[in-house]
Amino acid sequence: MATDAGNPIPRFPAGFLWGVSTSAHQIEGAADEREASVWDVFTAEPGRVKDGSTAAVACDHYHRYREDVALLAGLGVDAYRFSVSWPRVNSPGGLDFYDRLVDELCAAGVRPVPTLFHWDLPASLDWLERDTAARFADHVSVVAERLGDRVTKWITLNEPAEHTLLGHALGAHAPGRQLLFDALPVAHHQLLAHGLAVQALRATGATDIGIANSHGPTWPASAEPADQEAAGFYDLLLNRLFAEPILLGAYPEGIGELMPGDVSADLKVISEPIDWYGVNYYAPTRVGAPQGTEIEFGGLTMPAELPFSVREIEDRPVTDFGWPVVPEGLTELLTTFRDRYGDRLPPVVITENGCSYEGVDDQDRIAYLDGHVRALHAALESGVDVRGYFVWSLMDNFEWAEGYARRFGLVHVDYETQRRTPKASYHWFRDVLRAQR
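Everything in the sequence shown is counted per the working numbering, starting at -6 for the first residue and increasing by one.
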């Protein structure tokens, strides 16, 4: 994969926020110092994780956070997006860790940007239950009261679409349920939790609040009506279902009546105004009519009864995860959202973008990031109000059901010794940030 060699990355506006992202369960370890999450239960079941591993130790960030903050400072990022483990906050002394982390970040001149839920639900709770949304708002209040004197930018939830689809519809992620469309209440309760979290944060004086939703263009497999219809449904399920309640205060047609509770009242909460909209982008999805058989795709088994089928995107390089590399899909996604939602779309921040490749001399990752940063600039030039870009991820980590087989980091982690080694992409990104300044 070639970069745009010899040409510098275009200049982004002054004040543009450059950062990297991680999540608590994937890096912290120290599982014995917090209560159990649904992921602890899931990974303890044989066969759930491809390499049989768990995140009990992971990158040992809980004990090595000072070393990791030094890596952030050396990289020169403006901000660090991490997540606050709800099970850790529920445990004695758990918030003390985030106090120390935030202090260390502030001392290093790196802005802390916490995500308040990144899939590690306490094992005692269940997103099928409406009360979990209220419990989440209580959690948010506790964290914001403790950290809000130093934290000024907040993210409520990470990727409720994936947590619903992979965790509750297909069973590939924790908690491992295979409910298919009976998982829709999980989506609604997470969106309600987001709205309640916005209210809770506002009550503490927070003024810079967003969400990290995953989105990507949906490409019909052909011009045939059946393929077009299937692609439209997939786009509704993965994009519109999670954007429109927040941005428009309404579900796409036909969806609201499938949701539990007083949906119209809940939508007023879900659509509490936010200050920016976070987008996690990895790739488009090519979708066609159902083929009547199970399909293995991207490490997932897609059941035959789904009203669509996911197809390969051909003639594109792929990452080690098998995901197609389509930088211009990011431009397409952002301009589509601008056209679809108009002035209802607040400023956008890319809260995740990255790729899995082996090796410390990771030229493919450099090419990937180079292409996507340029694609982001093209969206900005097309009139999309983009305010920031966060690379996934600072360092190699526990990649959920893939275990430790996938490496997304700018920093290589030797899991036996916990030694950190900055990769070629770390140095490339550092140089990009210096040039931007």
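Beta carbons are placed, not taken as given, at the ideal position from N, Cα and C, and that holds for glycine.
{"Item": "Where P245 falls: helix, strand or coil (DSSP)", "Value": "coil"}
{"Item": "Closest Cα partner of R93 within the set P317, G198, F290, R143", "Value": "R143"}
{"Item": "Delimiting residues of the beta strand (DSSP E) encompassing S207", "Value": "202 to 207"}
{"Item": "Buried or exposed by the 16-neighbour rule on C-beta atoms within 10 Å, applied to F174", "Value": "exposed"}
{"Item": "Inter-residue spacing [alpha-carbon to alpha-carbon] between V136 and A126", "Value": "16 Å"}
{"Item": "Integer Cβ distance of G22 from Y55, believed to fall under 8 Å", "Value": "5 Å"}
{"Item": "Of the residues G335, L338, S302, G291, the one placed nearest W433, counting alpha carbons only", "Value": "Within the shown structure, residues of the chain are numbered from -6 to 430, placing residue 433 beyond reach of any answer."}
{"Item": "Best match in Q192, F301, E265, T329 for proximity to V272 [C-alpha to C-alpha]", "Value": "T329"}
{"Item": "Proximity of S349 and F314 at Cβ, strictly below 8 Å", "Value": "yes"}
{"Item": "Nonlocal neighbours in the same chain, by C-beta distance under 6 Å from H370, ignoring five residues either side", "Value": "P3"}
{"Item": "DSSP-derived helix/strand/coil call for L387", "Value": "coil"}
{"Item": "Nearest neighbour of I204, chosen from T211, I248, P213, A154 [CA to CA]", "Value": "A154"}
{"Item": "C-alpha gap between G242 and K261, whole angstroms", "Value": "6 Å"}
{"Item": "DSSP beta-bridge partners of L10", "Value": "G381"}
{"Item": "Cβ pair F129, F110 closer than 8 Å", "Value": "yes"}
{"Item": "Cutoff 6 Å; reference A49; Cβ partners in own chain excluding five residues on either side", "Value": "A24"}
{"Item": "Same chain, Cβ closer than 7 Å to W393, neighbours up to 5 away in sequence not counted", "Value": "H166"}
{"Item": "For G40, the three-state DSSP class (helix, strand or coil)", "Value": "coil"}
{"Item": "W112 beta carbon less than 8 Å from that of H182", "Value": "no"}
{"Item": "Outcome for Q19 when other beta-carbon atoms lying within 10 angstroms are tallied against a minimum of 16", "Value": "buried"}
{"Item": "Limits of the unbroken alpha helix (DSSP H) element including L323", "Value": "321 to 334"}
{"Item": "Entirely enclosed beta strand (DSSP E) segments - the segment 9 to 86, minimum 3 residues", "Value": "10 to 14, 72 to 76"}
{"Item": "Minimum C-alpha distance to E321 - residue among F5, A368, D71", "Value": "A368"}
{"Item": "For Y361, three-class secondary structure by DSSP", "Value": "helix"}
{"Item": "Reduced DSSP secondary structure (H/G/I, E/B, other) of T414", "Value": "strand"}
{"Item": "Those runs of the alpha helix (DSSP H) which lie wholly inside the segment 233 to 319 and span at least 4 residues", "Value": "234 to 240, 256 to 263"}
{"Item": "Three-state secondary structure assigned by DSSP to E222", "Value": "helix"}
{"Item": "Proximity of T200 and D268 at Cβ, strictly below 8 Å", "Value": "yes"}
{"Item": "Start and end residues, alpha helix (DSSP H) containing R430", "Value": "Per DSSP, R430 belongs to no alpha helix (DSSP H) and is neither H nor E."}
{"Item": "Residues near L177 by beta carbon distance below 7 Å, same chain, minus five either side", "Value": "L251, M252"}
{"Item": "Buried versus exposed, by CB contacts within 10 Å (16 or more), S386", "Value": "buried"}
{"Item": "Under the three-state DSSP convention, the category F129 falls into", "Value": "helix"}
{"Item": "Whole-angstrom C-beta distance between T286 and V303, which should lie under 8 Å", "Value": "That pair is no contact at about 12 Å."}
{"Item": "Separation of V406 from A51, as counted between CA atoms", "Value": "10 Å"}
{"Item": "Straight-line Cα distance separating N232 from V95", "Value": "32 Å"}
{"Item": "Bounding residues of the alpha helix (DSSP H) (the contiguous stretch that carries T157)", "Value": "153 to 157"}
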